[in-house]
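S.K.: For reference, the structure I am asking about is given below.
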Amino acid sequence: MEEDPCCRVVAHFDLDAFYAGCEREANPSVIGVPLGVAQYNPLGDLSEVGPEEIDRRLIVRPGRRGDQNGSLIAVSYEARACDVTRNMRVAEAVECCPSLRVVQVPVRHGKACLNIYRNASARVLSKLTEGLMDCALSKEASKNMLVEKASIDEIYVDLTSIVDEYMEQQQLSSHLCRMSMEHEHNAHWDRILNEFGAAESTIGGMDDSSTFRSADGLSKDELRRGSSLQLQHGLGSGSQRWWNRRLAGGWTEDEIRLAVGAGIASRARASVAEAFLVETNDKGKQPTYTLSAGISHNKTLAKLASGMRKPNSQTICCADTASLRKLFHPL
Numbered sequence: 003m004e005e006d007p008c009c010r011v012v013a014h015f016d017l018d019a020f021y022a023g024c025e026r027e028a029n030p031s032v033i034g035v036p037l038g039v040a041q042y043n044p045l046g047d048l049s050e051v052g053p054e055e056i057d058r059r060l061i062v063r064p065g066r067r068g069d070q071n072g073s074l075i076a077v078s079y080e081a082r083a084c085d086v087t088r089n090m091r092v093a094e095a096v097e098c099c100p101s102l103r104v105v106q107v108p109v110r111h112g113k114a115c116l117n118i119y120r121n122a123s124a125r126v127l128s129k130l131t132e133g134l135m136d137c138a139l140s141k142e143a144s145k146n147m148l149v150e151k152a153s154i155d156e157i158y159v160d161l162t163s164i165v166d167e168y169m170e171q172q173q174l175s176s177h178l179c180r181m182s183m184e185h186e187h188n189a190h191w192d193r194i195l196n197e198f199g200a201a202e203s204t205i206g207g208m209d210d211s212s213t214f215r216s217a218d219g220l221s222k223d224e225l226r227r228g229s230s231l232q233l234q235h236g237l238g239s240g241s242q243r244w245w246n247r248r249l250a251g252g253w254t255e256d257e258i259r260l261a262v263g264a265g266i267a268s269r270a271r272a273s274v275a276e277a278f279l280v281e282t283n284d285k286g287k288q289p290t291y292t293l294s295a296g297i298s299h300n301k302t303l304a305k306l307a308s309g310m311r312k313p314n315s316q317t318i319c320c321a322d323t324a325s326l327r328k329l330f331h332p333l
């Protein structure tokens, strides 16, 4: 007998402006300001520049206008708000945003040296995986969690084994909830929604597109390059109604499973932000890495969902026909 594909709970995690985050960890003075990371100029100075040479690699800042012929490979969200996008030439980006700081990637043997970013990726994604495993109710469930690295800054995680355990041990199945409708609250459910932060997740397709002028409508290329439309936050009225339903009798089994997965994802994302705080001169401790996430029943929908409300947020994508029709209707 084939397994119901909607029993799976898959999350896609995507680090927000990852290369910019790496540079902010190395140099906290560029936290909170428009920042771009530039590829080295192959026709310019190819002398070696180490990752620890912070001042030398900060090629554009107030009072310094260094080599502006390179192109941007990463753009912080503060810079995106000024309409700076990936693949822009540095000179063009500075015209859009005069306060922009630009860091050049390290250079070794006449080529870009990405070791600083690879090392950061390993540390951050390891912490994320650890945070997910910490949410499991048993070691067995955490061992059965499946992890697939998709790129230097994104990862897929099959949370099914962990979610299964919550459903069985904490009486979250729709059948058990219907049997106990006289109870107003389920303490485990309240913990998933509030302490874990599941209820901060947007529900794909449930909100009026005019509320979020459609980051949903951005093309794949626009999502990759970055857009100021991605900066809009908060839950729309449709998502709020989805979360405010009573557990007993108001939810399907599949929806409960996705909500549990969203709570686990939210808690793990928070653990990453907390683990990589750095001290700044004027803003106190600030996170250098944040993640966006998508939660659904398969990799394709999870990947689609993770890009809808970047940065530092997450979206659930339900796989039923009605939800998918609402989600894809603008297309």
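Just so we're aligned, residue 3 is where the sequence shown starts under our numbering, counting upward by one.
No residue lacks a Cβ here, since even glycine has one placed at the ideal position from N, Cα and C.
All figures in this text were calculated on a predicted structure; none of them were measured in a lab.
Around the Cβ of Arg58, are there at least 16 other Cβ atoms within 10 angstroms (buried) or fewer (exposed)?
M.R.: Exposed: under 16 other Cβ atoms inside 10 Å.
S.K.: Taking buried to mean at least 16 other C-beta atoms within 10 Å of its own C-beta, is Lys141 buried or exposed?
M.R.: Exposed is the call here.
S.K.: When the Cα atoms are used, what is the spatial distance from Ala250 to Arg327?
M.R.: Their backbone Cα atoms lie some 26 Å apart in a straight line.
S.K.: Note down the Cα distance separating Glu197 from Leu174, rounded to an integer number of angstroms.
M.R.: Taking the straight line joining both Cα atoms gives about 16 Å.
S.K.: Could you have a look at Tyr42 and say whether DSSP puts it in helix, strand or coil?
M.R.: Tyr42: coil per DSSP, three-state reduction.
S.K.: Which first and last residues belong to the beta strand (DSSP E) in which Val96 is found?
M.R.: First-last for Val96: 92 to 98, but that is the alpha helix (DSSP H), not the beta strand (DSSP E).
S.K.: Just curious, the beta strand (DSSP E) that Asp160 is in, first and last residue?
M.R.: That run of the beta strand (DSSP E) goes 156 to 160.
S.K.: What's the call for His111, buried or exposed, on a 16-neighbour Cβ count within 10 Å?
M.R.: When all chains shown are included, His111 counts as exposed.
S.K.: In three-state terms, what does DSSP make of Leu116?
M.R.: The answer is coil: DSSP assigns Leu116 none of H, G, I, E or B.
S.K.: Between which two residues does the beta strand (DSSP E) holding Gln316 run?
M.R.: Gln316 -> beta strand (DSSP E) spans 316 to 318.
S.K.: I need the DSSP call for Ser230, collapsed to helix, strand or coil.
M.R.: At Ser230, the pLDDT of 47 sits below 50, so the modelled position is not reliable and the matter cannot be decided from this model.
S.K.: Where do the ends of the beta strand (DSSP E) carrying Ala152 lie?
M.R.: Here the beta strand (DSSP E) through Ala152 covers 148 to 153.
S.K.: Three or more beta-carbon pairs under 8 Å between the stretch 306 to 316 and the stretch 285 to 298, yes or no?
M.R.: These segments touch.
S.K.: Within 10 angstroms of its Cβ, does Val12 collect 16 or more other Cβ (buried), or is it exposed?
M.R.: Buried, since its Cβ has 16 or more Cβ neighbours within 10 Å.
S.K.: Are there 16 or more other CB atoms within 10 angstroms of the CB of Arg271, so buried, or fewer, so exposed?
M.R.: With 16 or more Cβ atoms within 10 Å of its Cβ, Arg271 is classed as buried.
S.K.: Tell me whether Gly296 is buried or exposed, calling it buried when 16 or more other Cβ atoms sit within 10 Å of its Cβ.
M.R.: Result: buried.
S.K.: Since Arg88 and Val35 should fall inside the 8 Å C-beta cutoff, what is the C-beta to C-beta distance between them, to a whole number of angstroms?
M.R.: 18 Å between Cβ atoms; not a contact.
S.K.: Express the C-alpha separation of Leu303 and Leu225 in angstroms, rounding to a whole number.
M.R.: Per-residue confidence for Leu225 stands at a pLDDT of 49, beneath the threshold of 50, marking its modelled position as unreliable; the derived number appears in the next sentence. Approximately 15 Å, taken between the alpha carbons.
S.K.: Suppose the cutoff is 8 Å on Cβ atoms and the five residues either side in sequence are ignored; what does the same chain contact list for Arg67 look like?
M.R.: Only Val96 meet the Cβ criterion.
S.K.: Measuring straight from C-alpha to C-alpha, what distance separates Ile75 and Gly38?
M.R.: Spanning the two alpha carbons is a distance of roughly 8 Å.
S.K.: Which runs of the beta strand (DSSP E) at least 3 residues long sit entirely within the stretch 240 to 302? Give them in chain order.
M.R.: Complete beta strand (DSSP E) runs here, min 3: 279 to 281, 287 to 289, 293 to 298.
S.K.: Quick one: what does DSSP say Ser123 is sitting in, helix, strand or coil?
M.R.: Ser123: helix per DSSP, three-state reduction.
S.K.: What separation, rounded to the nearest whole angstrom, lies between the Cα atoms of Trp396 and Ala201?
M.R.: The question about residue 396 has no answer here: the residues shown for the chain are numbered 3 through 333.
S.K.: Indicate whether Ala143 and Glu167 have their beta-carbon atoms separated by less than 7 Å.
M.R.: Cβ distance < 7 Å, so Ala143 and Glu167 count as in contact.
S.K.: Taking the alpha helix (DSSP H) that Phe15 falls in, what are its first and last residues?
M.R.: Element bounds for Phe15: not the alpha helix (DSSP H) but the beta strand (DSSP E), 12 to 17.
S.K.: Are Gln106 and Val92 close, meaning C-beta to C-beta below 7 Å?
M.R.: Their beta carbons are not under 7 Å apart, which means Gln106 does not touch Val92 by this criterion.
S.K.: I'd like the span of the beta strand (DSSP E) that includes Ile75, first residue to last.
M.R.: Its beta strand (DSSP E) spans residues 74 to 77.
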